[in-house]
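Q: Numbering follows numbering that gives the first Met the number 0, in which position 36 of the sequence shown is assigned residue number 35; successive positions increment by one, without gaps. Cβ atoms here follow ideal geometry from the backbone N, Cα and C, with glycine treated the same way. Let me give you the structure first, and then I'll get to my questions.
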Amino acid sequence: MATSWPQGGAWPTEPREHTAYLSRYLKDALDCVERAGDQPVPSNIVKSMILGITSLVTKIQNMPDVRILQEALNVVQAEARAEAQNKTQALQEIKKELEDTKTKLNESITMAEEGKLAVREATEMGRTVTAMSKEMKTTSIQNRVLGTPSYAAMASRGLATSIHNIQATKNTNMQTQREIIVNIRDPLTVANLRAMSPRNLKCDSSSATSLPSFFGIGV
């Protein structure tokens, strides 16, 4: 009985699929060799196996080295981490600059407000000083215009008052009375006054005029 040898075909392009297909093919060929015993293996089967193995070896040789890929991946990851750190640091610096700018802006606003307040106070003070100066100038001018009242003016005003008082006295027939209060502390004088009678003090008109002179008081 003739042995049914496996038929090879087109090998897959992808190395993994090629490996799986070649593995099944070689297993089937080995089973056929065991069943055939001393029968020779057909040349086309041997050729197909050799082509499959050679093609797979070529594909594996052309595959990139995994270690090189790993090293390249490590380099890329390290560069990515360094770039991320640099970006983080740059963001922190930008944030700090923004905070400093905000602080300086607030200080500038505060200084501007204080400057406006100082200008306002200076303006108000200037207005006050100007008003005071005008008032002082006006008062000085009035004093220079009016001047000190002369003796004649004062005498005329006093004379008019005296005339008015005389006329009022004549019209009303009233007598002007003057009351003088004297605080006497001399014990001897107090004793003399107590010795005098009230009648003598009231009746003697000359005593009323001479009493202040007696105590050294000018009427």
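Would you mind reading off the limits of the alpha helix (DSSP H) that contains residue 30?
A: As a working note, residue 30 is residue 31 in the sequence shown. Looking at the DSSP string, the run of the alpha helix (DSSP H) that includes residue 30 is 14 to 35.
Q: By the DSSP assignment, the alpha helix (DSSP H) with residue 42 in it spans what residues?
A: In the sequence shown, counting from the first residue as 1, residue 42 sits at position 43. 42 to 61 is the extent of the alpha helix (DSSP H) around residue 42.
Q: Between residue 55 and residue 14, how many whole angstroms is the CB-CB distance? I'm expecting something under 8 Å.
A: Looking up residue 55 in the sequence shown gives position 56. Looking up residue 14 in the sequence shown gives position 15. About 7 Å; that satisfies the 8 Å criterion.
Q: Quick check on DSSP: helix, strand or coil for residue 64?
A: To locate residue 64, count along the sequence shown from 1; it is residue 65. In the structure shown, residue 64 sits in coil (DSSP, three-state: anything other than H, G, I, E or B).
Q: Taking its Cβ as the centre, do 16 or more other Cβ atoms sit within 10 Å of residue 8, making it buried, or is it exposed?
A: Your numbering for residue 8 matches position 9 in the sequence shown. Residue 8 is exposed by the Cβ-count criterion.
Q: Counting Cβ pairs, one atom from each stretch, are 3 or more of them under 8 Å apart for the region 17 to 29 and the region 60 to 78?
A: Segments in contact, no.
Q: Three Cβ pairs or more, each shorter than 8 Å: is that satisfied between the region 46 to 55 and the region 17 to 24?
A: yes
Q: If we count the other Cβ atoms within 10 Å of its Cβ and call it buried at 16 or more, is residue 47 buried or exposed?
A: Translated into positions along the sequence shown, residue 47 becomes position 48. Buried, by the Cβ-count rule.
Q: Return the residue from the list 50, 96, 107 that minimises the CA-CA distance to residue 11.
A: Indexing the sequence shown from 1 puts residue 11 at position 12. Out of 50, 96, 107, 50 has the C-alpha closest to the C-alpha of residue 11.
Q: Please classify residue 90: is it buried, with 16 or more other beta-carbons within 10 angstroms of its beta-carbon, or exposed?
A: Indexing the sequence shown from 1 puts residue 90 at position 91. Its Cβ having fewer than 16 others within 10 Å, residue 90 is exposed.
Q: Looking at the structure shown, is residue 76 part of a helix, part of a strand, or coil, going by DSSP?
A: Against the sequence shown, residue 76 aligns to sequence position 77. It is helical.
Q: Could you have a look at residue 11 and say whether DSSP puts it in helix, strand or coil?
A: Sequence index remark: in the sequence shown, residue 11 carries index 12 (1-based). Coil, per DSSP.
Q: According to DSSP, is residue 139 helix, strand or coil?
A: Taking the sequence shown and counting its residues from 1, one reaches residue 139 at position 140. Residue 139: helix per DSSP, three-state reduction.
Q: Skipping 5 residues on each side, what residues in its chain have a beta carbon closer than 8 Å to that of residue 32?
A: Within the sequence shown, numbered from 1, the residue matching residue 32 stands at position 33. Around residue 32, the same chain offers 40 as residues with beta carbons nearer than 8 Å, after the five sequence neighbours per side are excluded.
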